[in-house]
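S.K.:
There are 2 protein chains.
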Amino acid sequence: MDACFTIIIFVILKMPLLKHLSSIITISKALETELIRISKQITLAKGEQIITIGERCNSIYFIKSGLMRGFYFDEEKEITNWFAQENEFATCFYSFIANKPSFENIQAIENCELIEISHSTLQNLYTVFPETERIGRILTENYYIKLEERILNLQFKTAKERYEKFSITKSDLLQRASLGQIASYLGITQETLSRIRAEM
Amino acid sequence: MDACFTIIIFVILKMPLLKHLSSIITISKALETELIRISKQITLAKGEQIITIGERCNSIYFIKSGLMRGFYFDEEKEITNWFAQENEFATCFYSFIANKPSFENIQAIENCELIEISHSTLQNLYTVFPETERIGRILTENYYIKLEERILNLQFKTAKERYEKFSITKSDLLQRASLGQIASYLGITQETLSRIRAEM
DNA sequence: TTCGTTTTTTGATAATTGTCAAAAACAATA
DNA sequence: TATTGTTTTTGACAATTATCAAAAAACGAA
Numbered sequence: 070m071d072a073c074f075t076i077i078i079f080v081i082l083k084m085p086l087l088k089h090l091s092s093i094i095t096i097s098k099a100l101e102t103e104l105i106r107i108s109k110q111i112t113l114a115k116g117e118q119i120i121t122i123g124e125r126c127n128s129i130y131f132i133k134s135g136l137m138r139g140f141y142f143d144e145e146k147e148i149t150n151w152f153a154q155e156n157e158f159a160t161c162f163y164s165f166i167a168n169k170p171s172f173e174n175i176q177a178i179e180n181c182e183l184i185e186i187s188h189s190t191l192q193n194l195y196t197v198f199p200e201t202e203r204i205g206r207i208l209t210e211n212y213y214i215k216l217e218e219r220i221l222n223l224q225f226k227t228a229k230e231r232y233e234k235f236s237i238t239k240s241d242l243l244q245r246a247s248l249g250q251i252a253s254y255l256g257i258t259q260e261t262l263s264r265i266r267a268e269m
Numbered sequence: 070m071d072a073c074f075t076i077i078i079f080v081i082l083k084m085p086l087l088k089h090l091s092s093i094i095t096i097s098k099a100l101e102t103e104l105i106r107i108s109k110q111i112t113l114a115k116g117e118q119i120i121t122i123g124e125r126c127n128s129i130y131f132i133k134s135g136l137m138r139g140f141y142f143d144e145e146k147e148i149t150n151w152f153a154q155e156n157e158f159a160t161c162f163y164s165f166i167a168n169k170p171s172f173e174n175i176q177a178i179e180n181c182e183l184i185e186i187s188h189s190t191l192q193n194l195y196t197v198f199p200e201t202e203r204i205g206r207i208l209t210e211n212y213y214i215k216l217e218e219r220i221l222n223l224q225f226k227t228a229k230e231r232y233e234k235f236s237i238t239k240s241d242l243l244q245r246a247s248l249g250q251i252a253s254y255l256g257i258t259q260e261t262l263s264r265i266r267a268e269m
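Residue numbers (the numbering used here), protein chains in the order written: chain A, 70 to 269; chain B, 70 to 269.
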């Protein structure tokens, strides 16, 4: 009966995270059970913020469904720092890693279903299941590669080139995020982005 | 006699790397010996390239002394992607992690003394000494944080602001790298950078 | 030192992008 | 459906930065 319950939980709630992780390492039965035990289900309504600037961001949030963003302010103006969608993790990585206050707000752009894993839980996991250390490393590597690609796009590309790249690699976000959010993510004003769009 | 020799090697050649790593994890005697055994000493003259675009970058290079940079081309023009100096690692991280061809050249700006650790050696190390998995993760995290800071500086900062930030955080590079290298790193032309300098 | 090469500076001009303001389009809701 | 608030578009203009060309300065090798 209990085993059956675990399986139901697994199928309904945790499947996407485990699937995601098992593409990185082989997940033993014991680790799977532990992951299910420690992870916490969260629901966010569109517009809600889960982390506010200045707070510690002590968790990473695996996105089962929905779309989130991180943003900060530069002289009153909102600047979107990243988007994260289904099967990606959302967190202020800087705050999480360095245990410093978050420099960004984290907000749901759409209704979201998340799985929360706290920093301490993760550290514990690293100790008990050394193979998860590899997950941490590889996830970080993947995030690094994404950032690197992003820098290559920011440096010396024109506004138009950046938008073109974005609309190829993240085409679904064109519908799901607002013009202003996308513009600030690309490092341009929304007026400029609107004009680029118009002439294409 | 042999132990004595090992100690001499350690002191003369490998000290900086071990010191650097031991700030991250505790390094056992066995790991220390292994690190000394596997790491390879390299000398580079100013201007020499150690990795060329298109090649696999299968190693990371710990810089004992000197200054290096990674750069690629955008329509004939050299764009410096990073600088790395003493006690930092140089590599095309993307190529190294993803096992893809390097998109950048890696070059010595000054005469350099390096310690090379190959990808396969490192993977092996991860398996034999699981605690090194943590080194890999934490190094990656540190690199991630640096990139993140860099993006915050590229996005929506004026050329002048970027240069000011650079001249505070990397003041020594002002002397050691050329104007053109710094300018392209900051995503501006060298003429513009020269003018910014003049008016300060 | 001197010559040749590379790097940096300066000038004139053009292109890109930002700013501010207002209108239009769209969405949410009473 | 009318109302209100938000997002997007458009216009006029200004600021920033790039481009191209040439001069000046700095550097290295013979």
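Glycine included, C-beta positions come from ideal geometry on N, C-alpha and C.
#1: Please state whether the Cβ-Cβ distance between A:Y130 and A:I107 is less than 9 Å.
#2: Counting pairs of Cβ atoms below 8 Å between the segment 189 to 207 of chain B and the segment 176 to 190 of chain A, do you hit three or more?
#3: For B:E117 versus B:Y141, is the C-beta spacing smaller than 9 Å?
#4: List the endpoints of the continuous alpha helix (DSSP H) containing A:G139.
#5: I'd like to confirm the pairing. Which residues does DSSP put opposite A:E268 in its beta bridges?
#6: By a C-beta neighbour count over all protein chains shown, 10 Å radius and 16 as the cutoff for buried, is B:N150 buried or exposed?
#7: For B:N174, name the three-state secondary structure that DSSP assigns.
#8: Using 8 Å as the threshold, is the segment 113 to 127 of chain B in touch with the segment 236 to 254 of chain B, meaning 3 or more CB pairs across them?
#9: Run through chain A and tell me which residues come within less than 8 Å of B:S205, C-beta to C-beta.
#10: Tell me which residues of the segment 225 to 248 of chain B have at least one Cβ-Cβ distance to chain A shorter than 8 Å, keeping chain order.
#11: At a cut of 8 Å, does the segment 198 to 213 of chain B reach the segment 196 to 208 of chain A through at least three beta carbon pairs?
#12: Could you tell me which residues DSSP pairs with B:A114 in its beta bridges?
#13: Assign B:T238 to one of three DSSP states: helix, strand, or coil.
#14: Apart from the five residues on each side of it in sequence, which residues of its chain come closer than 6 Å, Cβ to Cβ, to B:S134?
#15: I'd like to check one pair, A:I178 with A:K115: are the Cβ atoms closer than 9 Å?
#16: With a Cβ-Cβ cutoff of 9 Å, do B:R138 and B:A246 count as a contact?
#17: Taking only beta-carbon atoms, is B:N127 less than 9 Å away from chain A?
#18: Contact criterion: CB-CB distance below 9 Å. Does B:L183 meet it with respect to chain A?
#19: Could you tell me which chain A residues have their CB closer than 9 Å to the CB of B:R106, listed as they occur along the chain?
#20: Say whether chain A places a C-beta atom closer than 9 Å to the C-beta of B:T209.
#21: B:A99 lies in the alpha helix (DSSP H); which residues open and close that run?
#22: Any Cβ of chain A within less than 9 Å of the Cβ of B:A167?
#23: Consult DSSP for B:T160 and reduce its assignment to one of helix, strand or coil.
#24: Using a Cβ-Cβ cut-off of 8 Å (strictly less than) and excluding sequence neighbours within five positions of A:S236, which residues of its own chain qualify?
#25: What's the C-alpha gap between B:K169 and B:R231?
#26: Does the beta carbon of B:R266 come closer than 9 Å to any beta carbon on chain A?
#27: Out of curiosity, what's the CA-to-CA distance linking B:F225 and B:K88?
#28: From B:E103, B:S91, B:R219, B:L86, pick the residue whose C-alpha is nearest to that of B:F198; which is it?
#29: Do you know offhand how far A:I214's Cα is from B:I132's?
#30: Under 9 Å, Cβ to Cβ, is there at least one residue of chain B near A:I78?
#31: Spell out whether any CB of chain A is found under 9 Å from the CB atom of B:F198.
#32: Could you work out which residue in A:Y212, A:L221, A:E157 is closest to B:Y254 when comparing CA atoms only?
M.R.: With the structure as the only source:
#1: no
#2: no
#3: no
#4: Segment 136 to 143 is the beta strand (DSSP E) holding A:G139; no alpha helix (DSSP H) there.
#5: According to DSSP, which records beta bridges pairwise, A:E268 is partnered with nothing at all.
#6: buried
#7: strand
#8: Judged by Cβ distances under 8 Å, the segment 113 to 127 of chain B makes no contact with the segment 236 to 254 of chain B, as fewer than three pairs qualify.
#9: According to the sequence shown, residue 205 of chain B is Gly rather than Ser. In chain order: R206.
#10: F225
#11: yes
#12: DSSP, once it has assigned bridges, lists no residue as partnering B:A114.
#13: helix
#14: Closer than 6 Å at the Cβ level, and outside the excluded window around B:S134, lie E155, E182.
#15: By the CB criterion at 9 Å, A:K115 and A:I178 fall inside the cutoff.
#16: yes
#17: Taking CB atoms only, B:N127 has no neighbour in chain A less than 9 Å away.
#18: Not one chain A Cβ lies under 9 Å of B:L183.
#19: Those do not exist, as B:R106 stays about 23 Å from chain A at its closest Cβ, beyond 9 Å.
#20: yes
#21: That run of the alpha helix (DSSP H) goes 98 to 107.
#22: yes
#23: coil
#24: For A:S236, same chain residues with a beta-carbon under 8 Å away, outside a window of 5 residues either side, are L243 in chain order.
#25: So the alpha carbons of these two residues sit roughly 31 Å apart.
#26: Chain A contact via Cβ: absent.
#27: 38 Å
#28: B:E103
#29: 22 Å
#30: Caution applies to A:I78, whose pLDDT of 46 falls short of 50 and renders its modelled position unreliable; the value that the coordinates give is listed next. For A:I78, the nearest beta carbon of chain B is not closer than 9 Å to its own beta carbon.
#31: no
#32: Nearest of A:Y212, A:L221, A:E157 to B:Y254, Cα basis: A:L221.
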